[in-house]
Structures are given as C-alpha cells and as structure tokens.
Amino acid sequence: MILVLGGTLEGREIAGALADEGFKVLVTVVSGYGAELIPQDLSVEVLVCQLDSLDLEQLVDEKKIKYIVDATHPYARVITDTAWKVAQKRNVPYIRFERPPVTEEIKGDLVFRALGYEEAAGLAVCKGSTVFLTIGSRNLEPFVRAGKENCKRIVARVLPDAGVLQQCAALQMPPGDIIAVQGPFSLEMNQAMFLEYGAEVLVTKDSGRTGGTDTKIAAALGLKIPVIIVNRPDYGGVPVVDRIETILENASQYASQKSGY
C-alpha cells in the first residue's frame, strides 16, 4: 500500500493517479473538510487524523506501507520532518512533492520577506493599520498579539472549517475580522476583498500558483499595498520532486503490491 500525506489539490491528484494505476492507496488528511474534498468515486482509503511520530510508525507497520508520498502544503514543516524521520527509521522509500514557488523573482519597494511568522507579524504592524492575512489558521497568534500590542486591526482569510473558526475564536478575533471562504481567488476578487476590508498590508506565503499566491500578490501590488512574504521552510536533505510523473515512476519500483493482487 502507498501512503499519501494529503490535504492539498496535488495530494488528491497524486492519490487518484496512483489508484488509476492499480495501487492500493491510503490518503491522510487533518480535517473532515479535507476529507470532503476527496472525490467519492476515488478508489482510495481516507484517514482523518493528526499524525505524530508514533502514530505514523504504527500506521506504516499496520498498513504495510511500501512508499510514502508527502503531498502536504509547502509550509507543513512538522509533518514533513516527522514523515522523513519515520521513513528513514522504517526503511520505507519517501518522496515529497512540492509545487514550484512563484515569488523568487518578485521584487520591489513594496515587497518584503520574513524568515518566520514572528518576524512577519512585527514587520506587518509597522507597515499599516489593517493587516490582511492569507497564511492559514495555524500561525495567527503572533499577528493577533502584535495587533493588540500596537492597536492594529488583523483580518484573517481562512478556510470555512469548524475547527479553523474555533482557532480564531480561541484567539478572540472579532467575527468581522474573519473571512471564512475557500480559495484560490481571481485578481479582481482579491482586490475587492482588500478594498472592502481596508487592507494596508498583505501577509502571505508562497503557496505556488495552485494556492493563488501569484494572483493575490499581483492584486495587492496593483493597489499599492505592501506585501510581506513568509519564506518557505528549508527541508534540508528531504528528497523533493515537482512532477507527479516522477512519483508514479517510483511507485512502480517501490510498491509492487497492487489492488487485486
């Protein structure tokens, strides 16, 4: 069986491609919302869970995993580090799929980069009174804290998931500062949102074109809104590819057990 650590569009595409080739596939996602995005006609097993090292080791053993495909978000550092270590410990072939970045060539007086979320939060509150976040829900706390300390408004665009909204509520974010909606969005829609909420600075991650990063940055710069880009994590020696075809080629080599065999 092949394990696909999913939760992304590419994860669903990879799982579907592997299933079409006849492989037994187990896809893990971290939320019910992520599971709902997987087409029901996809012949894969779906597991909703948060995996730590012990959980992942047990899963690898119980399901007799022959190949681990890490198709998590480019910024999902914890699970990637965990999966890579477990793969090495259990001697299971591992590959990470990572969508190409789009911000490497984006420069200008309105473009700033931050090594992490704390740095980005400190920089954001210095650039404008209304900070518009498109960084997901897991790293909102530094921005909410910086906003309170500096009397700045923090607006967060997040997924329309109950767990995500609970995270926002736990941070005591006003409902009017939470935009719960599924992206990606067109340039015009991004600009409409920025204008509607009075955004004076945008904070984003380089989630690639699939995540709409290029469009949201173009929208902000078109309105002369400063953009802060949180750099992608450095995964060091983790093997990475950006072609689904490479993953399929490796699967034929590593995971000979196919459905029906």
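Residues 1011 to 1271 (this note's numbering) make up the sequence shown, in order.
Backbone N, C-alpha and C define an ideal beta-carbon position, used for all residues, glycine too.
Take residue 1094, set aside five residues on each side of it, and the residues of its chain with a beta-carbon closer than 7 Å to its own are 1104, 1248, in chain order. Between residue 1070 and residue 1143, the gap from beta carbon to beta carbon reaches 8 Å or more. Of the residues 1236, 1186, 1054, the one whose Cα lies closest to the Cα of residue 1120 is 1236. For residue 1020, the CB contacts under 8 Å within the same chain, skipping 5 residues up- and downstream, are 1081, 1107, 1109, 1220, 1254 in chain order.
By the neighbour-count criterion, in which a residue is buried when 16 or more other Cβ atoms sit within 10 angstroms of its Cβ, residue 1185 is exposed. Under the Cβ criterion (8 Å, minimum of three pairs), the region 1110-1129 counts as touching the region 1222-1240. Collapsing the DSSP output to three states places residue 1104 in a strand. In this structure, residue 1035 lies near residue 1055, with their beta-carbon atoms less than 8 Å apart.
Closest in C-alpha terms to residue 1168, from the list 1059, 1176, 1206, comes 1176. Just measuring C-alpha positions, the residue of 1128, 1229, 1073 sitting nearest residue 1196 is 1229. Of the candidates 1132, 1089, 1083, 1067, 1067 places its Cα closest to the Cα of residue 1102. Contact between residue 1038 and residue 1245 fails: their C-beta atoms lie close to 19 Å from each other, not under 8 Å. Counting C-beta atoms within 10 angstroms of its own C-beta, residue 1061 has 16 or more neighbours from the protein chains shown and is therefore classed as buried.
Every alpha helix (DSSP H) stretch that sits fully inside the region 1028-1110 and reaches 4 residues is listed by chain position as 1042-1046, 1063-1072, 1087-1100.
Taking residue 1030 as the centre and dropping the five residues before and after it, the same chain places no C-beta closer than 6 Å to its C-beta. Nearest to residue 1048 by alpha-carbon distance, out of 1194, 1146, 1077, 1014, is 1014. Cβ contact annotation for residue 1165 (same chain, cutoff 6 Å, sequence separation greater than five): 1142, 1187, 1207, in chain order. Nearest Cα to residue 1257 within the set 1016, 1018, 1024: 1024. Taking residue 1139 as the centre and dropping the five residues before and after it, the same chain places the C-beta of 1162, 1210 closer than 6 Å to its C-beta, in chain order. Within the region 1100-1173, the complete alpha helix (DSSP H) runs of at least 4 residues fall at 1127-1137, 1151-1160.
Boundaries of the alpha helix (DSSP H) around residue 1231: 1223-1232.
At a Cβ-Cβ threshold of 8 Å, residue 1201 and residue 1222 do not count as neighbours.
Buried is the label assigned to residue 1040, since at least 16 other Cβ atoms lie within 10 Å of its Cβ.
Residue pairing from DSSP places residue 1213 in a beta bridge opposite 1143, 1238. The C-alpha of residue 1156 is placed about 6 Å away from the C-alpha of residue 1131. The three-state secondary structure of residue 1013, taken from DSSP, is strand. A straight line joining the alpha-carbon of residue 1147 with that of residue 1128 spans about 14 Å.
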